[in-house]
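Below is one structure, written out as structure tokens; comments come after it.
In UniProt numbering, the protein residues as written are 1 to 264.
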């Protein structure tokens, strides 16, 4: 089953088939899981005037390439803001939970534009697109990444963090208008910020993920975006990091914060 067909099934059914080609080790890529949950939230609310404000995802357990049940509950629908919870179930257990707030734009006298400026990376055609080799997770095949700063994962670097350009692979994904579900999937393709410090291939996975959306998405899925991650703290088997995503015009789109489990 294709990714686009899975999205259509979410709109019509409670049970879906997780599409093939998205494995990350022995489980499904967390970005895809978050994107499926987000699509369920958007279609449940079904109100174009409600824009995503923020979302939190907890990856409770591993999601397998199999059938999954998705349930959604609108917790509160106020005059401006709607809060919704979506759960993904497999084997009669909750494996992932999304909690999101959508809201309508309101008039306000408060205006602050203290946004972090986009890094001045070289153009994509001046950089090398990372090869899709056998050592990369299966889900990596769905995207194109061009490293612009920092060290590669598992390079025994004495410093974490990196940044670069990224997008969906045009050879695998037909161009169309990007949704917030698409952006959730794309956003998560970068590995944890501490991975350059790894000396060998060892596990690291997101435990909790919070995203705040700054500017509405007005893009196609073939468009390039910039990404930069900063690790604030790592120790005792966990890491805390934040990241920003900008479009090609250096417009800040979203801010991410993750708690990562580290097995190195």
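C-beta: ideal position from N, C-alpha, C; glycine also.
As the structure is a computational prediction, the values presented were derived from the model and not from experiment.
Discussion item. Tell me the rounded alpha-carbon separation between residue 241 and residue 232.
Written reply: Locating residue 241 in the chain shown gives position 241, counting from the first residue. Locating residue 232 in the chain shown gives position 232, counting from the first residue. Rounded to the nearest angstrom, the two C-alpha atoms are 5 Å apart.
Worksheet item: What whole-angstrom Cβ distance do residue 178 and residue 221 have, given they're in contact under 8 Å?
Response: Reading the chain shown from its first residue, position 178 is the one you call residue 178. Reading the chain shown from its first residue, position 221 is the one you call residue 221. Contact flag correct, Cβ pair sits at about 5 Å.
Item to complete: Could you pull the start and end residues of the beta strand (DSSP E) that residue 252 belongs to?
Response: As a first step, residue 252 must be located in the chain shown, where it is residue number 252. Taken as a continuous stretch (DSSP letters only), the beta strand (DSSP E) holding residue 252 covers 252–262.
Discussion item. Could you compute how far the alpha carbon of residue 10 sits from the alpha carbon of residue 152?
Written reply: For the purposes of this step, residue 10 is taken as residue 10 along the chain shown, with counting starting at 1. For the purposes of this step, residue 152 is taken as residue 152 along the chain shown, with counting starting at 1. Residue 10 and residue 152: Cα-Cα distance of roughly 36 Å.
Fill in: Every unbroken beta strand (DSSP E) within the region 27–89, with a cutoff of 3 residues, ordered by chain
51–59 and 67–77
Worksheet item: If you run the structure through DSSP and keep just helix, strand and coil, what is residue 16?
Response: By 1-based counting over the chain shown, the position of residue 16 is 16. Correct three-state label for residue 16: strand.
Worksheet item: Fully enclosed by the UniProt domain "Acyl-CoA thioesterase-like C-terminal" (132–262), which beta strand (DSSP E) runs are 3 residues long or longer?
Response: 143–150, 162–168, 204–213, 225–235, 238–247 and 252–262
Fill in: Residues of its chain near residue 264, where Cβ-Cβ distance is below 6 Å and the 5 sequence neighbours each way are ignored
Here residue 264 refers to the residue found at position 264 when the chain shown is read from its first residue. Once the five neighbours on either side are set aside, the close Cβ partners of residue 264 are 198 and 202.
Fill in: Nearest-angstrom Cβ-Cβ length linking residue 72 and residue 86, presumed shorter than 8 Å
The sequence position of residue 72 within the chain shown is 72, counting from 1. The sequence position of residue 86 within the chain shown is 86, counting from 1. Between residue 86 and residue 72 the Cβ distance is about 5 Å, and since that is below 8 Å, they are a contact.
Worksheet item: Mapping DSSP to helix, strand and coil, what is residue 5?
Response: Taking the first residue of the chain shown as position 1, residue 5 is located at position 5. Residue state, collapsed to three classes: helix.
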